[in-house]
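Chemist: Next up is a structure, given as structure tokens.
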Amino acid sequence: MISNLYIIRFIDIVIQRVIWGFSNLPTVNDWLNGIILILVYAVIALPVGFWLNFLQLDIQYSGKIVIKIMTTSFIAPAILEELVFRVVLLPQSSEYVSFKALLVYSIISLLLFIIYHPLNGITFFPAGRKTFFNPVFLFLAALLGLICTIAYLRSGSIWISVVIHWLTVVTWLLCFGGMKKLKITQQNIQ
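Residue numbering for the sequence shown follows the working numbering, beginning at 1363 and increasing consecutively.
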């Protein structure tokens, strides 16, 4: 049986990670690294996505849709997923874990991030089930998770990984057929 002391210690660690992740503001250098990481993502994801017919040019022009997607995507998935899969699961630099331990934490976090998407399709978002089980989607999600993990570990701030995640999701939904893949229509977005 887990003692109350371990539970209290775990809760304390999570609270400290959350406070640190949100309050640690990125430097200019962190933002530049973030730009490089998102460009790396784009250089890999766009050719793969188009080559395997997962991405199709499909630009949304409705101001209502654009604003709704941009605002809702900032909270979920960007902030919520980065909070869980980066901030809570990955140690901060002040925790002084070894590189090997950090690698293990990162791999576990990334695997949980990938598994989360099909589980989301089974439970909370059944309209996206087919997409969330698609191997190309899972590859792109894994790549995004890796990029966000690197951004978070380098900066120690949730904000770089949130922006990368948010830009990627918004661009996919509004420009590359994501709305159709997830069966998001004008009627169910209002």
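C-beta atoms are modelled at their ideal positions from N, C-alpha and C, and glycine is treated no differently.
Computed from a predicted structure; not experimentally measured.
Can you tell me the Cα-Cα spacing of L1394 and A1513, whole angstroms?
Modeler: Position 32 of the sequence shown, counted from the first residue, corresponds to residue 1394. Position 151 of the sequence shown, counted from the first residue, corresponds to residue 1513. Their backbone Cα atoms lie some 10 Å apart in a straight line.
Chemist: Name the one or two DSSP bridge partners that D1420 has.
Modeler: Along the sequence shown, one-based indexing puts residue 1420 at 58. Note: D1420 sits in a beta bridge opposite F1538.
Chemist: Could you spell out the range, first to last residue, of the alpha helix (DSSP H) harbouring K1545?
Modeler: In the sequence shown, residue 1545 corresponds to position 183, counting from 1. Run containing K1545: none; DSSP gives neither H nor E here.
Chemist: Between the Cα of Q1454 and the Cα atoms of G1540, I1377, A1503 and F1538, which residue gives the shortest distance?
Modeler: Taking the first residue of the sequence shown as position 1, residue 1454 is located at position 92. Comparing Cα-Cα distances from Q1454 to each of G1540, I1377, A1503 and F1538, the minimum goes to I1377.
Chemist: Specify the secondary structure class of Y1458 as computed by DSSP and reduced to three states.
Modeler: As a position in the sequence shown, residue 1458 is number 96, starting the count at 1. Of the three classes helix, strand and coil, the one that applies to Y1458 here is coil, per DSSP.
Chemist: Could you tell me the distance, in whole angstroms, from the CA atom of C1510 to the CA atom of L1399?
Modeler: Locating residue 1510 in the sequence shown gives position 148, counting from the first residue. Locating residue 1399 in the sequence shown gives position 37, counting from the first residue. Rounded to whole angstroms, C1510 to L1399 spans 8 Å at the Cα level.
Chemist: Where do the N-terminal and C-terminal ends of the alpha helix (DSSP H) with T1434 fall, by residue?
Modeler: As a position in the sequence shown, residue 1434 is number 72, starting the count at 1. T1434 -> alpha helix (DSSP H) spans G1425 to S1435.
Chemist: Just the Cα atoms here: how many angstroms apart are V1349 and I1522?
Modeler: Outside the shown range of the chain, which is 1363 to 1552, sits residue 1349, and nothing can be said about it.
Chemist: I need the boundaries of the alpha helix (DSSP H) containing S1385, first residue and last residue.
Modeler: Here residue 1385 refers to the residue found at position 23 when the sequence shown is read from its first residue. Element bounds for S1385: N1366 to S1385.
Chemist: For my contact list, G1539 and Q1422 are in at a C-beta cut-off of 8 Å; report their separation, rounded to the angstrom.
Modeler: Start at 1 with the first residue of the sequence shown, and residue 1539 comes out as number 177. Start at 1 with the first residue of the sequence shown, and residue 1422 comes out as number 60. Incorrect: roughly 10 Å between the Cβ atoms, too far for contact.
Chemist: Taking L1535 as the reference, give the member of S1435, N1482, Y1467 and F1461 with the closest Cα.
Modeler: Against the sequence shown, residue 1535 aligns to sequence position 173. Considering only alpha carbons, the answer is S1435.
Chemist: Can you name, in chain order, every residue of its own chain whose Cβ lies under 8 Å from the Cβ of V1459, other than the five neighbours on each side?
Modeler: Here the question's residue 1459 lines up with position 97 in the sequence shown. If we look at V1459 and ignore the five residues flanking it on each side, its Cβ neighbours are P1453 and Y1467.
Chemist: Indicate whether V1531 and I1441 have their beta-carbon atoms separated by less than 8 Å.
Modeler: Within the sequence shown, residue 1531 is the residue found at index 169, counting from 1. Within the sequence shown, residue 1441 is the residue found at index 79, counting from 1. Taking a C-beta distance under 8 Å as the contact criterion, V1531 and I1441 do not qualify as a contact pair.
Chemist: What residue does the alpha helix (DSSP H) around G1490 start on, and which one ends it?
Modeler: The sequence position of residue 1490 within the sequence shown is 128, counting from 1. Taken as a continuous stretch (DSSP letters only), G1490 belongs to no alpha helix (DSSP H), as it is neither H nor E.
Chemist: Would you identify the three-state DSSP class for T1530, choosing helix, strand or coil?
Modeler: For this step, residue 1530 is matched to residue 168 along the sequence shown. The answer is helix: DSSP assigns T1530 an H, G or I state.
Chemist: Count the other CB atoms within 10 Å of the CB of A1503; is the residue buried (16 or more) or exposed (fewer)?
Modeler: Residue mapping note: residue 1503 aligns to position 141 of the sequence shown, counting from 1. By the neighbour-count rule (16 or more Cβ atoms within 10 Å), A1503 is buried.
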